[in-house]
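Input: a single structure, listed below in structure tokens.
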Amino acid sequence: MEFKELLLIAFAAIVTENFIFSRFMGICPFLGVSEKPSTAAGMGFAVMFVMTLSSALTWLVYHLVLIPNELEYLQTIAFILIIASLVQIIEMFLKKFVPVLYRALGVYLPLITTNCAVLGSALINIQKNYSFIESVTFGLTAAIGFTVAILIFAGVRARLRFAEPPKAFRGIPILLLSAGLIAMAFSGFSGISL
Amino acid sequence: MTGILTAVLWFLLIGGVLGVALSFAAKYLSVKEDPRIEKISEALPGANCGGCGHAGCAALAEAIAKGEALPSACAVLDPDGVETISEIMGIKVEHAKKTVAHVMCSGTCSVARKKYTYEGVHDCVAADRLAGGDKLCPNGCMGLGTCVAHCKFDAIKIIDGCAVVDRSLCRSCGVCVTACPKGLISLIPYDSVYAVACTSAELGAVTRKSCDVGCIGCKICEKNCEFEAIKVEKGHAKINYELCTSCGKCAEVCPRKIIRNTHGKPEVKIEEKLEETI
């Protein structure tokens, strides 16, 4: 029973309600770090790590601190505080243990701090009234959905490099167009109602 | 009133806990970085051209700080920059000789004949795989601009189907040298005047058929050089810049006029010509 529900949450987060292709959250790193599949995967793992931990932490803070003190209206501020510190710690961690990934991610790692996907997942957890386990599952699988999306896009970009679009479409415009096309493909999944 | 108070207190607590966690992380996860790396990074050009063979300017700065590379490893750096970095490192200033990229082909569309019309991907590496490119000469510049795409300094242009280096913009990083699938680009001393603009490895008679200007290996330059600085090797003349005095004798006697004065006025560019006529 419990497991089936978790599976449903996971499927929805990865496919039908993919953060990038149907919620349109986290577009900045999606466009910025998708040049090479290797760095895209690195970014995906970083987001996965941040999102899972932040889902757990924000759930705990919301239910153990904010609700008993009737401070629910301050949830956004509290969540941003937690996510920002978490990203800082992860940045230090990567700098020490995986310097290559740290350099590859560059400015996009601190950008996770203000990544709406991470804050979004924390807020959706509260909105949908998920339990602790459900929240963590949602955070992890939504990040997996993000990673899948960014990897697909990195593959598309590798092909785009040899394409010769009209001059006006070169660079970012053709990227946005291709992202839109992939999003349309993903919208096909929305027919599966769960 | 109590609402505000509890909010402030609880957020102080949350902030405090996170702050303590961060300061612990800063202590235990800190990386001891050589302070010189940052200073050297600032002195480097920051173009990340990769000409030094390192992953980028930051990687070179690290290598210099560790003593694995010399400041002069960066070809793009001007003499002042080399001095600054040498000062930071406290080592003797060693200047590398200033060089410039030179395209060893003059096979423009009007002088070099083609064997087929290429309509594939606009990239020299791709064209090279299709029977060695569209030019009849197997060593000729295909003019599809892979070097232009690689140059971080906009120093190479394709003029009439052949790559030309702008000496004033070239920082001799050497990226084009490795980018050219034909290996047509080499770095020559910036001060030396004459350079052979051909790498034809064919016999003279074959070269004559494919190109109007290509080196035919006649050895007239070799015989006329007083300093033994020019030799015909593998079908074309080659200048040994350690011996060359830039006297210009070879260029004078060359029947094909393929030994060229690189310091001379650049040819009038097609775009400018067009503008003039308009």
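Residue numbers (our numbering), protein chains in the order written: chain A, 15 to 208; chain B, 11 to 288.
Idealized CB from N, CA, C, for every residue including glycine.
{"query": "I168 (chain B) touches chain A at which residues, Cβ-Cβ below 7 Å?", "result": "Neighbours of I168 (chain B) on chain A: none; closest Cβ ~16 Å, over 7 Å."}
{"query": "Please list the segments of the beta strand (DSSP E) lying wholly inside the segment 170-226 of chain B, counting only runs of 3 or more residues, in order along the chain.", "result": "172-175, 195-199 and 204-206"}
{"query": "Can at least three beta-carbon pairs, one atom from the segment 78-85 of chain A and one from the segment 93-104 of chain A, be found at a separation below 8 Å?", "result": "no"}
{"query": "Pull up the distance between the alpha-carbon of V344 (chain B) and that of K109 (chain A), whole angstroms please.", "result": "Only positions 11 to 288 of chain B appear in the structure, and residue 344 (chain B) is not among them; the question remains open."}
{"query": "Name, going along the chain, the residues of the segment 176-202 of chain A whose beta-carbon falls closer than 9 Å to a beta-carbon of chain B.", "result": "F176 and E178"}
{"query": "Assuming the contact rule is C-beta atoms closer than 8 Å, P55 (chain B) and L87 (chain B) should be a hit. Round their C-beta distance to whole Å, please.", "result": "6 Å"}
{"query": "Starting from the N-terminal side, write out each stretch of the alpha helix (DSSP H) that is 4 residues or longer and does not extend beyond the segment 158-205 of chain A.", "result": "186-201"}
{"query": "Considering only residues of the same chain and omitting the five flanking positions on each side of K162 (chain B), which have a CB-CB separation below 6 Å?", "result": "A57 and C59"}
{"query": "Span of the beta strand (DSSP E) holding A65 (chain B)?", "result": "Here A65 (chain B) belongs to no beta strand (DSSP E), and DSSP marks it neither H nor E."}
{"query": "Taking all protein chains shown into account, do 16 or more other C-beta atoms lie within 10 angstroms of the C-beta of N250 (chain B), making it buried, or fewer, making it exposed?", "result": "exposed"}
{"query": "Check whether chain A comes within 8 Å of V131 (chain B), counting only Cβ atoms and requiring the distance to be less than that.", "result": "yes"}
{"query": "Does DSSP classify A57 (chain B) as helix, strand or coil?", "result": "coil"}
{"query": "For S135 (chain A), return the contacting residues in chain B, with the cut-off set at a CB-CB distance below 8 Å.", "result": "None at all; the shortest Cβ gap to chain B is about 19 Å."}
{"query": "Determine whether the Cβ of V101 (chain A) lies closer than 8 Å to any Cβ atom of chain B.", "result": "no"}
{"query": "Give the single residue among A:S149, A:L115 and A:S69 whose Cα lies nearest to the Cα of L21 (chain A).", "result": "A:S149"}
{"query": "If the cut-off is 9 Å on Cβ atoms, which residues from the segment 72-86 of chain A count as contacting chain B, listed in chain order?", "result": "V75, V79, L80, N83, E84 and L85"}
{"query": "Give me the residue from B:H246, B:E252, B:C225 and B:C228 with the minimum Cα distance to E238 (chain B).", "result": "B:E252"}
{"query": "Any Cβ of chain B within less than 8 Å of the Cβ of R37 (chain A)?", "result": "no"}
{"query": "Against chain A, does A68 (chain B) count as a neighbour if the rule is that its beta carbon must be under 8 Å from one of theirs?", "result": "yes"}
{"query": "Quick one: residues in its chain with C-beta nearer than 8 Å to the C-beta of V61 (chain A), no 5 flanking neighbours on either side, listed in chain order?", "result": "G40, P43, I126, N129, A131, V132, A157, F160 and T161"}
{"query": "Just list the residues that DSSP pairs I166 (chain B) with in beta bridges.", "result": "B:V175"}
{"query": "Roughly how many angstroms lie between the CA atoms of K49 (chain B) and C84 (chain B), to the nearest whole one?", "result": "15 Å"}
{"query": "For L213 (chain B), which option in B:E243, B:H160 and B:E93 has the closest C-alpha, if you only look at C-alpha atoms?", "result": "B:E243"}
{"query": "Y200 (chain B) to P191 (chain B), Cα distance in whole Å?", "result": "24 Å"}
{"query": "Using the beta-carbon count (16 or more within 10 Å), is R171 (chain A) buried or exposed?", "result": "buried"}
{"query": "Going by Cα to Cα distance, which pick from B:R123, B:A141, B:V121 and B:A122 is closest to G130 (chain B)?", "result": "B:A141"}
{"query": "Under the DSSP definition of a beta bridge, which residues are partnered with V101 (chain A)?", "result": "Answer is none; V101 (chain A) lacks a bridge partner."}
{"query": "Would M106 (chain A) be called buried (16 or more neighbouring beta carbons within 10 Å of its own) or exposed?", "result": "buried"}
{"query": "Please report how far the alpha carbon of G224 (chain B) lies from the alpha carbon of M114 (chain B), in whole angstroms.", "result": "10 Å"}
{"query": "Reducing DSSP to helix, strand and coil, say where R266 (chain B) ends up.", "result": "coil"}
{"query": "For K142 (chain A) and A27 (chain A), I'd like the C-alpha separation in whole angstroms.", "result": "13 Å"}
{"query": "Got a sec? Which residues, its chain only, sit under 6 Å from V187 (chain B) by beta carbon, not counting five neighbours each side?", "result": "I195"}
{"query": "Suppose contacts are defined by Cβ-Cβ distances below 8 Å. Is Y204 (chain B) in contact with I268 (chain B) by that definition?", "result": "no"}
{"query": "Whole angstroms are fine: how far does the CA of L165 (chain A) sit from the CA of Y76 (chain A)?", "result": "33 Å"}
{"query": "By Cβ distance, which residues of its chain are closer than 7 Å to F203 (chain A), with the 5 residues on each side in sequence left out?", "result": "V29 and T30"}
{"query": "On a CA-only basis, which of B:K124, B:K233 and B:G155 is nearest I168 (chain B)? Give me that one, please.", "result": "B:G155"}
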